[in-house]
Amino acid sequence: MTRFEDELKKNNFVCSACTKCQHLVWPPSEFCNRCFGDTVWRPVSKNAKLVEVSGKDGKNFCIAEFEGNVRVFGTLLDSSHPSPGQDLILEYCSYDGTPKFVFKSS
Amino acid sequence: MKKVAITAVGITKFNKTEKPLDSMMLSAIRPMFENAKNLEQSDVDVVLTSTNANRNYLANIISELSGMKPKISHSVESLCNSGTNSLVSAYAYVSSGLADVALVVGADKADNPGLVLNWDMARGEYVHPIFWSSMFTSAHMRKYGTSLEDLAYVSVKNHKNALDNPNAYFEKSFSLEDVMTSKNLTENIRLLDCSMPCDGAAAVVICSEEKAKKFTDTPIWISGIGQKTISASFTKNNDLVSMESTKSAVADAYRMSNKTVDDIDVVELHDAFSVCEIIELEDMGFCQKGQGSKFVRDLYDTANKMVNPRGGLIGAGHPLGATGISQVVEIYQQLTGKAEKRQVSNAKTGLVHNMSAGSTSSTVLVLES
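Dropping the structure here:
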């Protein structure tokens, strides 16, 4: 999935979207996992919602959800624990062997 | 479908050794041929191996090293529930009549590659299993008020049970304080809340009803099977206080066996982390949602061994490819009255729950004497 990784390295979170049914396919794939239609790359909104949060060594990590469908683990910059459902913004993303997503409360 | 029975079991000590995988598997296989009456290598027409070790044609190798020439021979891999997946495959061969006798053996080393899941991009940089378990824990604490002490009781109970299991990795008990003060891996997961990857092997022989009479006077019947895979990505399990695949699998297993949770006398469930045991007890109907912690505490206070009598994955260790089969070995021993100090009195019906990849895939078996 080189395009996905390359875009992450440029701070762009892209995902594959079905050209037939418009479903946002996560994780990215050449084919739609609903209808097997072909997919194209498209940017994912930077707006997300907090699903759950925990912490390690003073740093918060969370699961965040984009566009009601795409859930990822990422780092949460807030020092306190916001509640699930809280609006988040994707502050930064990258790729270094694994995807990296960094969020903050919006 | 033909009835299918477990007629022989074998298991090794769970530990960390220099012993190669093949040798570990053979060590689990040998006692079955030594102890089962009339069982000969020539009786076996299916050999399935369960491992995450990325070994090519391992079932053929094990067959040759064991002096067997089976009709069907291959490996089954599905991370932590590889063992029960292989047993279900063997069941299918026997129940369909394609084979009469199947030998299933699972093994893994502590450093096996099944511990880190590189495909799951949704995990981002948080690839270690402690991160998904920490999410389950946060959600359960938030919704049901589960405390760190509640979680610690799972570990204390299962380490205590493991003391009566001569094959367990851990050979010492841990107090509540020991668990509570063990190293913080996340803000809600401590070292002793975690199962321990280790070396180990376990094996079973299953066969048709006609063959079972030849090999044993006390067959244990596989009466219910449920399996469900919802995804490979952890984040597809939407409700973090529940395990969707487990709920589906246990419903199917109860339906197939015509049993309910009230019929279950003894359970081996997949306590990869403390929170897993609490959620699984709730999802499989042993208690209401939110009551899992209380259920565990009652088991501990009354020294009731019905849940994870061999110590679970937390007390006995977690050699991935062997884990599900070792759970089956324990329930077999319980239902045949051979569990010694771990014996749950008058156990007639048992349940095995084995899952993988943060509960995205689950297998549930109902076994009966």
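So the sequence lines, in the order shown, correspond to chains F and P. Under our numbering, the first residue of the first sequence carries the number 1, and numbering increases by one thereafter. Under our numbering, the first residue of the second sequence carries the number 107, and numbering increases by one thereafter. Idealized CB from N, CA, C, for every residue including glycine. This structure is a prediction, so every number in the text was calculated from the model and none was measured.
Reduced DSSP category for P:GLN147 - H, G, I as helix; E, B as strand; rest coil: Translated into the one-based positions of the second sequence, residue 147 of chain P becomes position 41. Helix at P:GLN147.
Same chain only: Cβ atoms within 7 Å of P:TYR406, ignoring 5 sequence neighbours per side: Here the question's residue 406 of chain P lines up with position 300 in the second sequence. Counting only Cβ-Cβ distances below 7 Å, and skipping sequence neighbours, we find TYR259, VAL262, LYS263.
P:ILE112, DSSP secondary structure in three states: Residue mapping note: residue 112 of chain P aligns to position 6 of the second sequence, counting from 1. Here P:ILE112 sits in strand by DSSP.
7 Å Cβ cut-off: residues of chain F touching P:SER240: The count along the second sequence starts at 1 and reaches residue 240 of chain P at position 134. SER54, listed in chain order.
Contact set between F:PHE61 and chain P, taken where Cβ atoms lie within less than 7 Å: Mapped onto the first sequence, residue 61 of chain F falls at position 61. What F:PHE61 touches in chain P: TYR232, PHE237.
F:LEU76 - partner residues in DSSP beta bridges: Taking the first residue of the first sequence as 1, we reach residue 76 of chain F at position 76. Answer is F:ASN60, F:PHE103.
Three CB pairs or more closer than 8 Å across the region 179 to 189 of chain P and the region 271 to 286 of chain P: no
Identified DSSP bridge partners for P:GLY212: Working through the second sequence from its first residue, we reach residue 212 of chain P at position 106. For P:GLY212, which the question treats as bridged, DSSP gives the partners P:SER156, P:ALA308.
Residues that DSSP places opposite P:HIS459 in a beta bridge: Your numbering for residue 459 of chain P matches position 353 in the second sequence. In the DSSP output, where bridge partners are listed per residue, P:HIS459 has P:VAL470.
Helix, strand or coil at P:LYS395 according to DSSP, with G and I counted as helix: Stepping through the second sequence from its first residue, residue 395 of chain P is reached at position 289. Coil.
Chain F contact residues for P:GLY409, given Cβ-Cβ distances below 9 Å: Along the second sequence, one-based indexing puts residue 409 of chain P at 303. The sequence shown places Ala at residue 409 of chain P, rather than the Gly named in the question. Residues of chain F passing the Cβ test: none, with the nearest at roughly 33 Å.
Three CB pairs or more closer than 8 Å across the region 206 to 224 of chain P and the region 125 to 144 of chain P: yes
Test item: CB-CB of P:CYS322 and P:ALA142 under 8 Å: For the purposes of this step, residue 322 of chain P is taken as the residue at position 216 of the second sequence. For the purposes of this step, residue 142 of chain P is taken as the residue at position 36 of the second sequence. Looking at the sequence itself, residue 322 of chain P is Thr, so the reference to Cys does not match. Yes, the pair counts as a contact, with Cβ atoms nearer than the cut-off.
Proximal chain P residues relative to F:LYS20, where beta-carbon distance stays under 7 Å: To locate residue 20 of chain F, count along the first sequence from 1; it is residue 20. Residues of chain P passing the Cβ test: none, with the nearest at roughly 22 Å.
Best match in P:PHE120, P:LEU375, P:VAL115, P:MET174 for proximity to P:VAL150 [C-alpha to C-alpha]: Position 44 of the second sequence, counting from 1, holds the residue named residue 150 of chain P. Looking at the Cα atoms, P:MET174 is the closest of the given residues.
Residue-level contact to chain P via CB, F:THR98, 8 Å cutoff: For the purposes of this step, residue 98 of chain F is taken as the residue at position 98 of the first sequence. For F:THR98, the answer is yes, since a Cβ of chain P falls inside 8 Å of its Cβ.
Whether P:LEU257 touches P:ASP299 by CB criterion (8 Å): Numbered from 1 along the second sequence, position 151 holds the residue referred to as residue 257 of chain P. Numbered from 1 along the second sequence, position 193 holds the residue referred to as residue 299 of chain P. Yes; because the gap between Cβ atoms is below 8 Å, this pair is in contact.
Chain P contacts made by the region 56 to 89 of chain F, where a contact means CB separation under 7 Å: LYS56, PHE61, ILE63, ARG71, VAL72, PHE73, GLY74
Listed by chain order, chain F residues near P:GLU293 by CB distance under 7 Å: The residue given as residue 293 of chain P occupies position 187 in the second sequence. Within chain F, the residues near P:GLU293 are SER54, GLY55, LYS56.
Min CB distance F:PHE101 to chain P below 8 Å: As a working note, residue 101 of chain F is residue 101 in the first sequence. Judged by the 8 Å Cβ criterion, F:PHE101 is in contact with chain P.
Residue nearest to P:PHE237 in terms of C-alpha spacing, selected from P:ARG296, P:ASN267, P:PHE276, P:GLY220: Position 131 of the second sequence, counted from the start, is the residue given in the question as residue 237 of chain P. P:PHE237 has its Cα closest to that of P:ARG296, out of P:ARG296, P:ASN267, P:PHE276, P:GLY220.
Supposed close pair F:LEU8, F:CYS93 - CB separation, criterion 8 Å: Reading the first sequence from its first residue, position 8 is the one you call residue 8 of chain F. Reading the first sequence from its first residue, position 93 is the one you call residue 93 of chain F. Contact holds; Cβ gap of about 5 Å.
Beta-carbon contacts of P:GLU388 that lie in its chain and below 6 Å, excluding the five residues immediately before and after: Taking the second sequence and counting its residues from 1, the one referred to as residue 388 of chain P is at position 282. Excluding residues within five positions, the ones whose Cβ falls inside 6 Å are LYS395, GLY398.
Residues from the region 17 to 43 of chain F in contact with chain P, defined by Cβ distance under 9 Å: TRP26, PRO27, PRO28
Minimum C-alpha distance to P:THR466 - residue among P:LYS447, P:VAL115, P:GLN333: Residue 466 of chain P sits at position 360 when you count from the first residue of the second sequence. It is P:GLN333 whose Cα lies nearest to the Cα of P:THR466.
Top-ranked residue by Cα proximity to P:SER202, from P:ALA338, P:LYS109, P:ASP358: Counting from one through the second sequence, the residue named residue 202 of chain P turns up at place 96. For P:SER202, the nearest C-alpha among the options comes from P:LYS109.
Three-state secondary structure (DSSP) of P:ASP404: Residue mapping note: residue 404 of chain P aligns to position 298 of the second sequence, counting from 1. Helix.
Residues of the region 219 to 230 of chain P whose Cβ lies closer than 9 Å to any Cβ of chain F, in chain order: ASN224, TRP225, ASP226, MET227, ALA228, ARG229, GLY230
Beta-carbon neighbours of P:THR341, restricted to chain F and to distances below 9 Å: In the second sequence, the residue the question calls residue 341 of chain P occupies position 235. Under the 9 Å cutoff, chain F gives TRP26, VAL51, ILE63, GLU65, VAL70, ARG71, VAL72, PHE73.
Residues within the region 343 to 360 of chain P neighbouring chain F, beta-carbon criterion of under 7 Å: LEU346
Outcome for P:GLN439 when other beta-carbon atoms lying within 10 angstroms are tallied against a minimum of 16: The sequence position of residue 439 of chain P within the second sequence is 333, counting from 1. Counting Cβ neighbours within 10 Å, P:GLN439 comes out buried, since at least 16 surround it.
Exposure label - F:PHE73; buried when at least 16 CB within 10 Å: Counting from 1 along the first sequence, the entry for residue 73 of chain F is found at position 73. So F:PHE73 counts as buried.
Residues that P:ALA245 contacts on chain F, provided the C-beta gap is smaller than 7 Å: As a position in the second sequence, residue 245 of chain P is number 139, starting the count at 1. Neighbours of P:ALA245 on chain F, chain order: GLU52.
Identity of the residue in F:ASN69, F:VAL70, F:GLY58 nearest F:GLU76 by Cα: Here residue 76 of chain F corresponds to residue number 76 of the first sequence, with the count starting at 1. Sequence check: residue 76 of chain F is Leu here, not Glu. That would be F:GLY58, whose Cα lies nearest to the Cα of F:LEU76.
F:SER79 vs F:TRP41 beta-carbon contact at 8 Å: On the first sequence, position 79 is the one that residue 79 of chain F refers to. On the first sequence, position 41 is the one that residue 41 of chain F refers to. Contact flag unset, no.
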